[in-house]
DNA sequence: GCCCAGGGGGCTC
DNA sequence: GAGCCCCATGGG
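In our numbering, the protein residues as written are 144 to 361.
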């Protein structure tokens with residue numbers, strides 16, 4: 144796993160995730176980026192910022208319709224408005240300083256986050272890793288696709304199995320996890336996309352490229 | 001016109 | 001509990 148990381152880092156360089164000024168902004172971004180290109184998320188976050196809606200409690204106060212209209216560029220805007228307000232409500236219940244996000248036990252926080260409407264495993268782990276600084280590996284569909292192609296897992300990809308693989312083999316270093324996940328996204332969007340360009344892949348000989356037809360999309 | 005993007009909830013069977 | 005469908009905009 145470290146070998147893969149080193150090759151990706153050498154090829155793509157540091158990715159600079161997660162771009163946000165505050166933990167609250169990171170949490171908002173984690174919802175907005177669900178199945179959405181980051182470019183569109185930035186637009187939505189800028190619109191929230193322009194309207195002073197990037198602090199705990201502000202989204203609840205503004206209400207669903209206002210939030211929905213502002214985040215429209217990021218897609219799924221009616222769903223995501225509900226999710227953002229549910230998240231904001233949770234943050235308020237926990238304390239608006241948000242120190243708890245870094246200080247409390249990540250396992251406990253994970254359970255709480257998963258209970259919030261609109262937060263699943265990937266979003267919860269993103270919040271724990273990037274906003275909380277906890278050593279929790281974030282798995283996404285790219286990770287599953289890439290590991291399938293590398294021949295390191297059997298289909299279908301399982302979130303927690305994959306997460307365990309990384310966490311068993313890597314040092315528990317949040318900065319490493321942050322960079323690694325970002326690099327996997329770079330690979331998944333780049334050479335190892337749904338129609339892979341194996342000749343341009345930085346993993347080269349590590350990947351025993353099986354026939355593409357043996358893999359499902361996504 | 002088609003496909004994809006830094007998922008998750010809800011419904012059916 | 002697996003298999004679908006829905007959400008929705010913006011860019012290549």
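Cβ atoms here follow ideal geometry from the backbone N, Cα and C, with glycine treated the same way. Because the structure is a prediction, the values reported are computed rather than measured.
Residue i classed as buried or exposed, judged by whether at least 16 other C-beta atoms fall within 10 angstroms
{"i": "residue 172", "result": "buried"}
{"i": "residue 151", "result": "buried"}
{"i": "residue 322", "result": "buried"}
{"i": "residue 243", "result": "exposed"}
{"i": "residue 174", "result": "buried"}
{"i": "residue 235", "result": "exposed"}
{"i": "residue 258", "result": "exposed"}
{"i": "residue 337", "result": "exposed"}
{"i": "residue 283", "result": "buried"}
{"i": "residue 343", "result": "exposed"}
{"i": "residue 240", "result": "exposed"}
Residue i to residue j span [Cα, whole Å]
{"i": "residue 300", "j": "residue 231", "result": "31 Å"}
{"i": "residue 280", "j": "residue 208", "result": "34 Å"}
{"i": "residue 233", "j": "residue 153", "result": "40 Å"}
{"i": "residue 290", "j": "residue 296", "result": "6 Å"}
{"i": "residue 206", "j": "residue 310", "result": "39 Å"}
{"i": "residue 179", "j": "residue 186", "result": "12 Å"}
{"i": "residue 198", "j": "residue 254", "result": "23 Å"}
{"i": "residue 201", "j": "residue 339", "result": "43 Å"}
{"i": "residue 315", "j": "residue 341", "result": "31 Å"}
{"i": "residue 287", "j": "residue 305", "result": "7 Å"}
{"i": "residue 211", "j": "residue 167", "result": "18 Å"}
{"i": "residue 190", "j": "residue 269", "result": "22 Å"}
{"i": "residue 195", "j": "residue 298", "result": "45 Å"}
{"i": "residue 245", "j": "residue 149", "result": "28 Å"}
{"i": "residue 250", "j": "residue 204", "result": "30 Å"}
{"i": "residue 307", "j": "residue 334", "result": "25 Å"}
{"i": "residue 332", "j": "residue 320", "result": "18 Å"}
{"i": "residue 360", "j": "residue 256", "result": "With a pLDDT of 40 at residue 360, under the threshold of 50, the predicted position of this residue should be treated as unreliable, though the coordinate-derived value follows. Spanning the two alpha carbons is a distance of roughly 29 Å."}
Option nearest residue i by Cα separation, candidates the options
{"i": "residue 267", "options": "176, 165, 148 and 147", "result": "176"}
{"i": "residue 155", "options": "211, 243, 221 and 330", "result": "330"}
{"i": "residue 346", "options": "293, 313, 312 and 309", "result": "293"}
{"i": "residue 182", "options": "218, 149 and 148", "result": "218"}
{"i": "residue 158", "options": "344, 350 and 324", "result": "324"}
{"i": "residue 303", "options": "253, 264, 317 and 333", "result": "264"}
{"i": "residue 164", "options": "211, 277 and 192", "result": "192"}
{"i": "residue 261", "options": "204, 220, 317 and 274", "result": "220"}
{"i": "residue 216", "options": "240, 344 and 184", "result": "184"}
{"i": "residue 277", "options": "248, 170, 298 and 349", "result": "248"}
{"i": "residue 170", "options": "318, 348, 275 and 349", "result": "275"}
{"i": "residue 161", "options": "194, 189, 318 and 250", "result": "318"}
CB-CB length for residue i against residue j, believed under 8 Å
{"i": "residue 285", "j": "residue 228", "result": "Between residue 228 and residue 285 the Cβ distance is about 29 Å, and since that is not below 8 Å, they are no contact."}
{"i": "residue 272", "j": "residue 144", "result": "Between residue 144 and residue 272 the Cβ distance is about 16 Å, and since that is not below 8 Å, they are no contact."}
{"i": "residue 214", "j": "residue 223", "result": "6 Å"}
{"i": "residue 349", "j": "residue 147", "result": "7 Å"}
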